[in-house]
Ligand code: SF4
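Numbering (our numbering), first residue to last: 2 to 224.
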């Protein structure tokens, strides 16, 4: 029989109460004020966010996507112009090249529509499972997907829910034990929780709302 997570309803309730005061990460904003939220803008913003702080991603996304929000508009820009708009995101030169390549592929091979399957998204150069899942959830607004980044991988392991080595393994392991009703909220809740409380080194266990439910696996030091 598949193991279930104990006290999951209580845990999600406590996390939601604790985290609703915080701003959610850029790619999962329910609604951007300055950018039209489409599968394409979600995809590009997610590419910008890789190895980049949220505040930097947020501003770079607005500079690029406020005006250039379709693949057709992006391919008309030079790589230099994209670089200028997205700087200082991490790897801005590689990302500007990628963004143009992906835009060209979407126009040529997908009739200007961002693929709406994980398999289709994974065929785009530089798109991995995390980005593909984020586009499905926050771009196409579809249920049944679990985007896993470093926080979503680390925290369920600390809690003792799973014992996995990589984010991809975590995605498949969690899908077996996490009730489906929580999949849509999982990414933005756990990313925010991982940025504010259950941080990578020395988590703030003393102010953690779910400390009573945590096995603190591999937590050597906490505050
Ligand atoms: S008790 Fe500590 S390790 Fe466990 S979830 Fe909370 S902050 Fe993270």
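For glycine and all other residues, C-beta sits at the position ideal for the given N, C-alpha and C.
Cβ-heavy atom distance, residue i to ligand 1, below 7 Å
{"i": "residue 175", "result": "no"}
{"i": "residue 40", "result": "no"}
{"i": "residue 19", "result": "no"}
{"i": "residue 81", "result": "no"}
{"i": "residue 76", "result": "no"}
{"i": "residue 172", "result": "no"}
{"i": "residue 205", "result": "yes"}
{"i": "residue 147", "result": "no"}
{"i": "residue 14", "result": "no"}
{"i": "residue 153", "result": "no"}
{"i": "residue 220", "result": "yes"}
{"i": "residue 217", "result": "yes"}
{"i": "residue 11", "result": "no"}
{"i": "residue 51", "result": "no"}
Residue interval of the alpha helix (DSSP H) (run including residue i)
{"i": "residue 236", "result": "No information on residue 236 is available, as it lies outside the stretch 2 to 224 that the chain covers here."}
{"i": "residue 1", "result": "Past the edges of the chain, shown from 2 to 224, lies residue 1, and the structure says nothing about it."}
{"i": "residue 213", "result": "Per DSSP, residue 213 belongs to no alpha helix (DSSP H) and is neither H nor E."}
{"i": "residue 62", "result": "55 to 66"}
{"i": "residue 114", "result": "Here residue 114 belongs to no alpha helix (DSSP H), and DSSP marks it neither H nor E."}
{"i": "residue 90", "result": "Counting along the chain, residue 90 falls outside any alpha helix (DSSP H), and DSSP gives it neither H nor E."}
{"i": "residue 192", "result": "184 to 197"}
{"i": "residue 46", "result": "40 to 50"}
{"i": "residue 20", "result": "9 to 20"}
{"i": "residue 74", "result": "72 to 76"}
{"i": "residue 119", "result": "119 to 123"}
Close Cβ partners of residue i (< 6 Å) along its chain, the five nearest in sequence each way excluded
{"i": "residue 61", "result": "49, 87, 90"}
{"i": "residue 65", "result": "86, 87"}
{"i": "residue 162", "result": "6"}
{"i": "residue 18", "result": "none"}
{"i": "residue 165", "result": "171, 174"}
{"i": "residue 51", "result": "none"}
Cutoff 8 Å; reference residue i; Cβ partners in own chain excluding five residues on either side
{"i": "residue 70", "result": "36, 37, 39, 41, 42"}
{"i": "residue 167", "result": "154"}
{"i": "residue 15", "result": "210, 211"}
Own chain residues within Cβ distance below 7 Å of residue i, not counting five before or after
{"i": "residue 23", "result": "193, 197"}
{"i": "residue 195", "result": "152, 155, 156"}
{"i": "residue 100", "result": "45, 48, 75, 83"}
{"i": "residue 31", "result": "Its pLDDT being 49, under 50, residue 31 is placed unreliably in this model, and the value from its coordinates should be taken loosely. Correct list: empty, nothing qualifies."}
{"i": "residue 1", "result": "Nothing can be reported for residue 1, as the shown portion of the chain is limited to 2 through 224."}
Of the listed residues the options, nearest to residue i (C-alpha basis)
{"i": "residue 21", "options": "217, 210, 224, 221", "result": "210"}
{"i": "residue 107", "options": "218, 125, 93, 17", "result": "125"}
{"i": "residue 179", "options": "145, 116, 68, 95", "result": "145"}
{"i": "residue 123", "options": "113, 112, 135", "result": "135"}
{"i": "residue 78", "options": "120, 159, 92, 97", "result": "97"}
{"i": "residue 224", "options": "199, 59, 55", "result": "199"}
{"i": "residue 34", "options": "8, 67, 56", "result": "67"}
{"i": "residue 139", "options": "12, 220, 184, 222", "result": "184"}
Margin query: Counting beta carbon pairs with one atom in the region 187 to 205 and one in the region 147 to 162, are three or more of them shorter than 8 Å?
Written below: Yes, the region 147 to 162 touches the region 187 to 205.
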